[in-house]
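Residue numbers (the working numbering): 259 to 890.
Cβ coordinates follow ideal geometry from the N, Cα and C atoms, glycine included.
Every value quoted in this text rests on a predicted model; they were computed, and no experiment measured them.
Okay, structure first, notes after.
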């Protein structure tokens, strides 16, 4: 069975497939097929071509440029100059790298020593001259260049306005009795309404800010006749509301199975349930004026009014290079991607000039590390587009109310999570890929994590499938290793195989610890594990840019295994080590992965692939791929 899918066809089908309430599929990991060949043959002389033994022998003896590894080339704190750029690129080429991934950032994070601020700021005239010079040098040396589309990570900057930044759902409620004329300002939600779990990473810095500092905006106002206490969730169902509504944070070490399972416990009708009829939920949005004032003739009875809105998460770009400080964008919005592209992507393309699509081949976004956004200004419109019905009558479910029944309320939350995942896949990664393609570029994104928060409602395979060069990461230290397997290695490889991408890339050898102590002897087993998981393109992390006048060992980024001309074994061992990696990648990229089994991962969000493991029913010696509903 050929498992790759046509993206253009999927874009149309995506909206029809989930019309109406989501259909729960309970057989996670159901065995769908024995023997799945899941890759696409590229043009002759490129990865995944049909090759004979003589050609393989030639590739092994002399790996071509397309098979050579790349690496994160950090320009830290603007401490760069032409001399250092030339030396780095010439050394990289001489030792066997095929390209670099340019990443601009500040320093001092993740255990690194602060790097003194250099002579240039992000996008300044001086920075642009050095950027053009670096592309000219890379072209002269025959090196491929990718650029991280941010002056830090993941996507954002000073041009991202509050309305186009990441958003959180908020709600407040008010009970009134009719008949009466209601004319008053509705209460605002609390700034962390519904978010009771300890926030992770940068979220903790902004979650408690007053509402007037986080750009609160209304979405809609609804009211319903109060049916009584039997309408409120309690017990296990109340505890399960936070993960089911994407308001339970969890760090990037939360196991994939746990992330999915905590949303999948079915809600069933219990004695005493008194649900609200969807048809009896009244939409009052048109009666809400600026400032939150509601004018409404309240009918007889006791009514609950629920005001639904959203605030910006306030998440900032991580470790921004001077000049790139600002908000992270809204990950569910094409308008936000446009704003980011127009203020950064276009500038980089203009500066690159004739190198676009040639020496400058791709843009990258790093792993998602911006808390857990769960809303966007056009969420209700997106919901109708993807799911085929209006979410408005079901918004009280976010407040812990039953609408229709327990089962229907659960199905609505299922559909909401799916919509969040679809928006991230199509309106961020998919749209980003479309913008790049217009200019002869492609995207390479760590679109499936591991991410902060680990509980974000993403379909990791779908995100990665939107990228021409899907990428994950693996660590040299113990981080993100489970049972001696990398957290997202199999996930990245499965996305590449099932979506027909010739390469499965990985940010390689990331580490927090004694990075100077590593050598090929310790790095090779880590690389081999990734190759066995299906990774076939390493992006070394990290090749920090060096200036000769900064001496030895120079300055380094804190979270990476150091690999540049300043390490003690560069002249003696870097070449043979890169030759080994290049040979492995030449063979792996020339082959077509044939899995014994294709597992179907389910039709829900969050949807993540577990680290590589062998199901006992499959047995030792067999390998597999994992697919999602879109591919199936």
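Among 834, 696, 476 and 347, which one has its Cα closest to the Cα of residue 551?
The option with the nearest alpha carbon to residue 551 is 476.
Return the first residue and the last residue of the alpha helix (DSSP H) that residue 610 is part of.
Start and end: 604-610.
Run through DSSP, which three-state label would residue 314 get?
Residue state, collapsed to three classes: helix.
Between residue 862 and residue 811, how many whole angstroms is the CB-CB distance? I'm expecting something under 8 angstroms.
Not quite, the Cβ-Cβ distance comes to about 48 angstroms (not below 8 angstroms), so this is no contact.
Expressed to the nearest angstrom, what Euclidean distance is found between the alpha-carbon atoms of residue 588 and residue 875?
Each residue's alpha carbon lies about 42 angstroms from the other.
Counting pairs of beta carbons, one from the segment 646-666 and one from the segment 482-492, are three or more of them closer than 8 angstroms?
Flag = yes, the segment 646-666 and the segment 482-492 touch.
Hey, quick one: how far does the alpha helix (DSSP H) through residue 570 stretch, first residue to last?
No alpha helix (DSSP H) contains residue 570, which is instead part of the beta strand (DSSP E) from 551-570.
Would you identify the three-state DSSP class for residue 876, choosing helix, strand or coil?
It is coil, neither helix nor strand.
Sorted by chain position, which residues of the same chain lie with C-beta nearer than 6 angstroms to residue 784's C-beta, five sequence neighbours on each side aside?
Contacts found: 734.
Please report the straight-line C-alpha distance between residue 699 and residue 397, rounded to a whole angstrom.
One C-alpha to the other measures close to 16 angstroms.
Near residue 533, which residues of its chain fall below 7 angstroms by C-beta distance, leaving aside the five closest residues on each side in sequence?
Same-chain partners within the cutoff: 489, 660, 661, 662 and 663.
I'd like the list of long-range same chain contacts for residue 688, defined as Cβ closer than 7 angstroms, with 5 residues on each side in sequence excluded.
Excluding positions up to five away in sequence, the list reads 724.
Would the beta-carbon of residue 764 fall within 8 angstroms of that of residue 793?
In contact: residue 764 and residue 793 (Cβ atoms closer than 8 angstroms).
Taking only runs that begin and end inside the segment 486-512, name each unbroken alpha helix (DSSP H) of 4 or more residues, in chain order.
Counting whole runs of 4 or more residues, the segment 486-512 contains the alpha helix (DSSP H) stretches 493-502.
I'd like the ranges of any alpha helix (DSSP H) spanning at least 4 consecutive residues and lying wholly in the segment 614-655.
You should have 637-645.
Assess contact between the segment 377-387 and the segment 672-687, defined as three or more Cβ pairs (one per stretch) separated by less than 8 angstroms. Is contact present?
Not touching, per the Cβ criterion.
Can you pull the DSSP bridge partners for residue 790?
The partner list for residue 790 (beta bridge, DSSP) is empty, contrary to what the question assumes.
My output table needs one value for residue 266: the three-state DSSP class, helix, strand or coil.
Low confidence applies here, because residue 266 scores a pLDDT of 35, under 50, leaving its location unreliable; read the following figure in that light. Three-state DSSP puts residue 266 in a helix.
Around the Cβ of residue 880, are there at least 16 other Cβ atoms within 10 angstroms (buried) or fewer (exposed)?
Label assigned to residue 880: exposed.
Whether or not the segment 336-346 and the segment 406-417 are in contact is what I'm after, with contact meaning three or more pairs of Cβ atoms, one per stretch, closer than 8 angstroms; do they touch?
Because the criterion of three Cβ pairs below 8 angstroms is not met, the segment 406-417 and the segment 336-346 do not touch.
Considering residue 390, what are the terminal residues of the alpha helix (DSSP H) in which it resides?
Looking at the DSSP string, the run of the alpha helix (DSSP H) that includes residue 390 is 383-399.
Of the choices 312, 315, 355 and 311, whose alpha-carbon is the least far from that of residue 834?
When each option's Cα is compared against that of residue 834, the closest is 355.
Tell me the DSSP secondary structure of residue 406 in three-state form.
DSSP places residue 406 in strand when its eight states are reduced to three.
Looking at the structure shown, is residue 378 part of a helix, part of a strand, or coil, going by DSSP?
Three-state DSSP puts residue 378 in coil, outside helix and strand.
Of the residues 652, 850 and 627, which one's Cα is nearest the Cα of residue 503?
When each option's Cα is compared against that of residue 503, the closest is 652.
Could you tell me the distance, in whole angstroms, from the CA atom of residue 484 to the CA atom of residue 560?
For residue 484 and residue 560, the distance between alpha carbons rounds to 6 angstroms.
Ignore the nearest five residues each way along the sequence and tell me which others in residue 634's own chain have a CB closer than 6 angstroms to its CB.
Correct list, in chain order: 425, 588, 590 and 591.
Given a threshold of 16 other Cβ atoms within 10 Å of its Cβ, counted over all protein chains shown, does residue 678 qualify as buried or as exposed?
Burial call: buried.
Could you give the uninterrupted runs of the alpha helix (DSSP H) lying entirely in the segment 766-817, keeping only those of 4 residues or more?
Counting whole runs of 4 or more residues, the segment 766-817 contains the alpha helix (DSSP H) stretches 778-791.
By Cβ distance, which residues of its chain are closer than 7 angstroms to residue 496, with the 5 residues on each side in sequence left out?
These residues qualify, in order along the chain: 658.
Along the chain, which unbroken stretches of the beta strand (DSSP E) at least 3 residues long are found entirely within the segment 319-352?
The segment 319-352 contains these whole beta strand (DSSP E) runs: 328-334.
Apart from the five residues just before and just after residue 438, which ones in its own chain have a Cβ nearer than 6 angstroms to its Cβ?
Around residue 438: 556.
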